[in-house]
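Right, one structure below, let's go through it.
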Amino acid sequence: MIKVSVIVPVYKVPLEYLQACLDSLMAQTMQECEFILVSDGAPDGEVSVCRKYIIKDCRFRFFNREHAGVSAARNYGIRMAQGEYISFVDADDWIERNALELLYQYATTWNSDIISTNYIMYRNNASHTILWSNLPKEKLDGNDVNRVLNEFISLKDNSIPRGVCAKLYKKSFVDKIQVHFDENIKIQEDTLFNQICFSKATNISYLNSLLYHYRENPQSATRRYRKNYLEEHIQAMMEIEKISNHQQKSLIGNEIAHHFYLSWDYCYMNPENKDSYFTRMQAISKMIHSHDLQFLLSNIDTRDMPIHVRFELLLFKKKIVFPIWLHGLKKLIA
Numbered sequence: 001m002i003k004v005s006v007i008v009p010v011y012k013v014p015l016e017y018l019q020a021c022l023d024s025l026m027a028q029t030m031q032e033c034e035f036i037l038v039s040d041g042a043p044d045g046e047v048s049v050c051r052k053y054i055i056k057d058c059r060f061r062f063f064n065r066e067h068a069g070v071s072a073a074r075n076y077g078i079r080m081a082q083g084e085y086i087s088f089v090d091a092d093d094w095i096e097r098n099a100l101e102l103l104y105q106y107a108t109t110w111n112s113d114i115i116s117t118n119y120i121m122y123r124n125n126a127s128h129t130i131l132w133s134n135l136p137k138e139k140l141d142g143n144d145v146n147r148v149l150n151e152f153i154s155l156k157d158n159s160i161p162r163g164v165c166a167k168l169y170k171k172s173f174v175d176k177i178q179v180h181f182d183e184n185i186k187i188q189e190d191t192l193f194n195q196i197c198f199s200k201a202t203n204i205s206y207l208n209s210l211l212y213h214y215r216e217n218p219q220s221a222t223r224r225y226r227k228n229y230l231e232e233h234i235q236a237m238m239e240i241e242k243i244s245n246h247q248q249k250s251l252i253g254n255e256i257a258h259h260f261y262l263s264w265d266y267c268y269m270n271p272e273n274k275d276s277y278f279t280r281m282q283a284i285s286k287m288i289h290s291h292d293l294q295f296l297l298s299n300i301d302t303r304d305m306p307i308h309v310r311f312e313l314l315l316f317k318k319k320i321v322f323p324i325w326l327h328g329l330k331k332l333i334a
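Residue numbering for the sequence shown follows this note's numbering, starting at 1 and increasing by one per position.
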């Protein structure tokens, strides 16, 4: 019997990172597991590395597909998975050699639909321990779950990680609720997946251990210039708003306000944006008038925000856009 299926989407990852990831899987003390490598149109070098590991270890399975995005790759992996539990590992990360064994042991002890653990994040040659806000319980009750759902959207530095890595999901539970990664959204797909899973799970547990190593890649999809950065976040937040039944509307509103300001750096005033100043300002002014953004902004809780930000957001909610042009001019001159 296969206890755990590990799904690894592979696409444009440095070869040394990919090899470190696959080495950590091959070193797993659990033998009753499978490693599903899904090439999402990966270059030949990465495909070659994956094929070598199939020969080295029979626990590896490899599927070479056309590029369709990480969500499509993960969904394919879920369909192919034969394990009692499924897990997700990014191709530039790695896990401790006993990670699957420990997580599975605790998951079966608590009959968990989901079990999560902590991880270490590597950014700019420094490591940071990412904890689940020091949750005191091994098994989460209703209040804990509500807190987790809120912190998936929270902007606090110590909020609970929203990604799907460093977790096990019971395969029968995933199949029962028919959850999948939304292939139509390009960002925050992890948050949406977890919002659905955590809101429907009966048993959720937490293992207070450091088993996952997350490498933040400056060139990853979450860090590079994105022409449609704000539109993608609006789309994702609208989907999360739908499944939350309006229970998290102020958190979602604050999240979109946060990304509205980030969109200056990631999109509108990014050095890679070659549009004229006038074209860029027109684009963001048009976004201010969009129905979805106005809906999300209407739910903002501004009590803890600086006065100038509160004033600007008030103007934006009234579709007054002159601060946008002023912001753009300041960025252009800086």
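Each residue gets a CB set at the ideal place from its N, CA and C atoms; glycine is no exception.
- Residue ranges of uninterrupted alpha helix (DSSP H) with 4 or more members, entirely inside the region 77–114 and ordered along the chain, are 99–109.
- Per DSSP, I300 lies in no beta strand (DSSP E) segment and is marked neither H nor E.
- Counting along the chain, Y53 sits inside the alpha helix (DSSP H) bounded by residues D44 to K56.
- In this structure, S244 sits away from Q188, with a CB-CB distance that is not shorter than 8 Å.
- Distance from the CA atom of Y53 to the CA atom of Y17, rounded to whole angstroms, is 14 Å.
- Fewer than three beta-carbon pairs drawn from the region 261–271 and the region 199–206 are found closer than 8 Å, and the two stretches are therefore not classed as touching.
- The DSSP-derived three-state label of E32 is coil.
- Here the alpha carbons of H233 and R97 stand approximately 36 Å from one another.
- DSSP places P323 within a helical segment (H, G or I) once states are collapsed to three.
- Within the region 146–203, the complete alpha helix (DSSP H) segments of 4 residues or longer fall at 171–177 and 189–200, listed in chain order.
- The beta carbon of G253 sits closer than 8 Å to the beta carbons of L296, L297, S298, N299, I300 and D301 from its chain, once the five residues preceding and following it are set aside; these are given in chain order.
- Excluding five sequence positions before and after M80, the CB atoms of its chain that fall closer than 6 Å to its own CB belong to I36, given in chain order.
- For R65, the enclosing beta strand (DSSP E) has its first and last residue at F60 to R65.
- In the structure shown, the three-state DSSP call for L207 is strand.
- If the five residues before and after N75 are omitted, its C-beta is found closer than 6 Å to the C-beta atoms of H180 and F181, all from its own chain and listed in chain order.
- Contact between L25 and V6 holds, since their C-beta atoms are separated by about 6 Å, short of 8 Å.
- In this structure R224 does not touch D93 by the C-beta definition: roughly 18 Å separates them, more than the 8 Å allowed.
- Fewer than three beta-carbon pairs drawn from the region 228–242 and the region 112–131 are found closer than 8 Å, and the two stretches are therefore not classed as touching.
- The shortest C-alpha to C-alpha distance from N111 to any of L103, N118 and T117 is the one to L103.
- With contacts defined by Cβ atoms closer than 8 Å, I2 and G77 do not form a contacting pair.
- A residue is called buried once 16 or more other Cβ atoms fall within 10 Å of its Cβ, and Q28 is buried on that count.
- Sixteen is the threshold: since fewer than 16 other Cβ atoms of the shown chains lie within 10 Å of the Cβ of S276, the residue is exposed.
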